[in-house]
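Residues in the sequence shown are numbered consecutively from 378, following our numbering.
In what follows, a structure is listed as structure tokens, so that the remarks can point back to it.
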Amino acid sequence: MLESLTLTNFKAFAHQELRLAPFTLLTGLNSSGKSSVLQSLALLRQSYESGDLAPVGSREPGLLLNDELVQLGTGRDVRHESYDEAGPHIALAVRGDGVKAQWTARYEQEADHLKLFQNGKGGENRSGLSRDPIALLPTLFGPGFQYLKADRVSPQVSYPRSHHAVTTRGFLGAHGEHTVNYLRINQDEPVVGKRLRISDAHPVGLLGQTQAWMQKLCPGVNLKAEDIADTDTVRLSYSFGSGALGSNSYRPTNVGFGLTYVLPIVVACLSARPGTLILLENPEAHLHPQGQTWMAYLASAAAASGAQIIMETHSDHVLNGLRLRVKQGTLHSDDTAVHYFRRKELTSEVVNPVIGPDGRLSEWPEGFFDEWENSLDQLLD
Ligand SMILES: Nc1ncnc2c1ncn2[C@@H]1O[C@H](COP(=O)(O)OP(=O)(O)O)[C@@H](O)[C@H]1O
Ligand SMILES: [Mg+2]
Numbered sequence: 378m379l380e381s382l383t384l385t386n387f388k389a390f391a392h393q394e395l396r397l398a399p400f401t402l403l404t405g406l407n408s409s410g411k412s413s414v415l416q417s418l419a420l421l422r423q424s425y426e427s428g429d430l431a432p433v434g435s436r437e438p439g440l441l442l443n444d445e446l447v448q449l450g451t452g453r454d455v456r457h458e459s460y461d462e463a464g465p466h467i468a469l470a471v472r473g474d475g476v477k478a479q480w481t482a483r484y485e486q487e488a489d490h491l492k493l494f495q496n497g498k499g500g501e502n503r504s505g506l507s508r509d510p511i512a513l514l515p516t517l518f519g520p521g522f523q524y525l526k527a528d529r530v531s532p533q534v535s536y537p538r539s540h541h542a543v544t545t546r547g548f549l550g551a552h553g554e555h556t557v558n559y560l561r562i563n564q565d566e567p568v569v570g571k572r573l574r575i576s577d578a579h580p581v582g583l584l585g586q587t588q589a590w591m592q593k594l595c596p597g598v599n600l601k602a603e604d605i606a607d608t609d610t611v612r613l614s615y616s617f618g619s620g621a622l623g624s625n626s627y628r629p630t631n632v633g634f635g636l637t638y639v640l641p642i643v644v645a646c647l648s649a650r651p652g653t654l655i656l657l658e659n660p661e662a663h664l665h666p667q668g669q670t671w672m673a674y675l676a677s678a679a680a681a682s683g684a685q686i687i688m689e690t691h692s693d694h695v696l697n698g699l700r701l702r703v704k705q706g707t708l709h710s711d712d713t714a715v716h717y718f719r720r721k722e723l724t725s726e727v728v729n730p731v732i733g734p735d736g737r738l739s740e741w742p743e744g745f746f747d748e749w750e751n752s753l754d755q756l757l758d
């Protein structure tokens, strides 16, 4: 498990350490630095996957700013604007899995591959470049990693069929584009986490359990994921009800947007294994309030089953769903971390309300999910 992340001169942060828990919630106003936190981890992951963190041969190790997971621009875009000239250039440090690793990159304004300092140069660098990063930090670099960005693919008539993405890498795509094919191939795979299984669902594999969670969002919905013969595409279809009362199959474009939009999140959580890292941006998008609470229940169940969730959200219902799961005892309060980001001049600062065992929060900073109260105060005035 990842226990902390420290960002130095990275985007909105001059220097910021964040505690990471099995379920970490990133909250705050727009443009306060939440996505940047997810991006820093995705940047390390994509640099690892491209072979840039620990390259073989004479290539120099570096951070690859633009690739499959994130497209951050050049050094100028990534380095914190009011950086301290005397300090390190751009540093990302992660503590977890029993190690502390730091990657310090040399600033170059126009470069989209920022060279890493080797051990001992440019400040301490314990990136363990001589070791395989997977062995160093399996949570971040090992199998099962998912990063689902806010801009997920919209409902479509067909989806790509990539054997490499789904079977070799087990990846749903940063936009969830491989989800339908993943579901098609793994539909009978058992859902490992006990808390993730909804017992009365039938069948009991990934498809059946996905259907059961989707029925929490939309009662009676059934899914089918199948290939389209002789093409490189697959298809998703929905039906409602069962038996004589069952509906025809409908394509995603003719069914409510929210269902297809949330599918990658549901599949990511249900297919999580212990040690899997799942980064989620705004999973509540397009869900009705009760569905947003279920989203927190689903992610809490994944965290309680050994996965690690880092979620950016604007939803009070997600926050309250998490607090309820803590109060109900299905997730330990120590296994949660809440970070509330706010801009202070050119940098972002972070406040940490703590969820107690009774589900109550230790503090409510101004602007932290207080819009209900603000509006009610004015309505009752
Ligand atoms: N190089 C940089 N230096 C300072 N601030 C930056 C830099 N790059 C982005 N930012 C700031 O980061 C914020 C965007 O952060 P982001 O993580 O996308 O926000 P959100 O909280 O909405 O997810 C903006 O306020 C932007 O000004
Ligand atoms: Mg964001």
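Glycine included, each C-beta is placed from N, C-alpha and C at the ideal position.
- The C-alpha of Q755 lies about 44 Å from the C-alpha of N599.
- According to DSSP, H541 shares a beta bridge with no other residue.
- The three-state reading of DSSP puts F746 in coil, since its state is none of H, G, I, E or B.
- Pairing R574 with A589, the inter-Cα distance amounts to about 9 Å.
- Look at which beta carbons fall closer than 5 Å to any heavy atom of ligand 1; those residues are K388, A389, N407, S408, S409, G410, K411, S412, S413, H457 and E458.
- For G585, the enclosing alpha helix (DSSP H) stretches over residues L583 to L594.
- Under DSSP, the beta-bridge partners assigned to R720 are S725.
- For A527, the distance from the CB to the nearest heavy atom of ligand 2 is below 7 Å.
- Classified as exposed, S459 has fewer than 16 neighbouring CB atoms from the shown chains inside 10 Å of its CB.
- Using a 10 angstroms sphere on the CB of A606, the tally of other CB atoms stays under 16, which defines it as exposed.
- When secondary structure is reduced to three states using DSSP, Y460 falls in the coil class, being assigned neither helix nor strand.
- The Cβ atoms of V644 and T556 lie closer than 8 Å to each other.
- Contact holds between the segment 714-724 and the segment 382-396, because three or more Cβ pairs, one in each stretch, are under 8 Å apart.
- Contact between the segment 393-404 and the segment 677-688 is established, with three or more Cβ pairs separated by less than 8 Å.
- The criterion of a C-beta distance shorter than 8 Å is not satisfied by V455 and L441.
- DSSP places T401 in the strand class (E or B) of the three-state scheme.
- G618 is a Cβ neighbour of G597, given a cutoff of 8 Å.
- For Q393, DSSP records a beta bridge to L384.
- Note on geometry: alpha-carbon atoms of K526 and L418 lie some 13 Å from one another.
- The three-state secondary structure of F617, taken from DSSP, is strand.
- When beta bridges are read from the DSSP output, P567 appears opposite G582.
- In the three-state scheme derived from DSSP, where H, G and I count as helix and E and B as strand, D604 is classed as strand.
- Straight-line spacing of the CA atoms in G434 and H541 works out to 25 Å.
- When C-beta atoms of the segment 522-539 are compared with those of the segment 548-565, three or more pairs fall below 8 Å, so the two segments count as touching.
- Rounded to whole angstroms, the separation of the alpha carbons of T713 and L738 is 11 Å.
- A Cβ-Cβ distance of about 18 Å is found for the pair L549 and L594, leaving them out of contact under the 8 Å criterion.
- Judged by DSSP secondary structure, G698 falls within the alpha helix (DSSP H) whose first and last residues are D693 to K704.
- Here G439 really is in contact with L491; their C-beta atoms are around 6 Å apart, less than 8 Å.
- Annotation for A551: L446, Y524 and K526 place their beta carbon closer than 6 Å to its own, counting only its chain and skipping 5 residues before and after.
- Comparing alpha-carbon positions, the option among L406, R436 and I642 lying closest to F718 turns out to be L406.
- By the neighbour-count definition (other C-beta atoms within 10 Å, threshold 16), F634 is an exposed residue.
- For the 8 Å CB-CB criterion, L397 and L469 do not form a contact.
- The beta carbons of T516 and G553 sit no closer together than 8 Å.
- For the pair H694 and P666, the CB atoms are nearer than the 8 Å cut-off.
- Taking non-hydrogen atoms of ligand 2 into account, the C-beta of E689 is found less than 7 Å away from one of them.
- Distances from the CA of K571 to each of L613, T707 and F494 were compared; the closest alpha carbon is that of T707.
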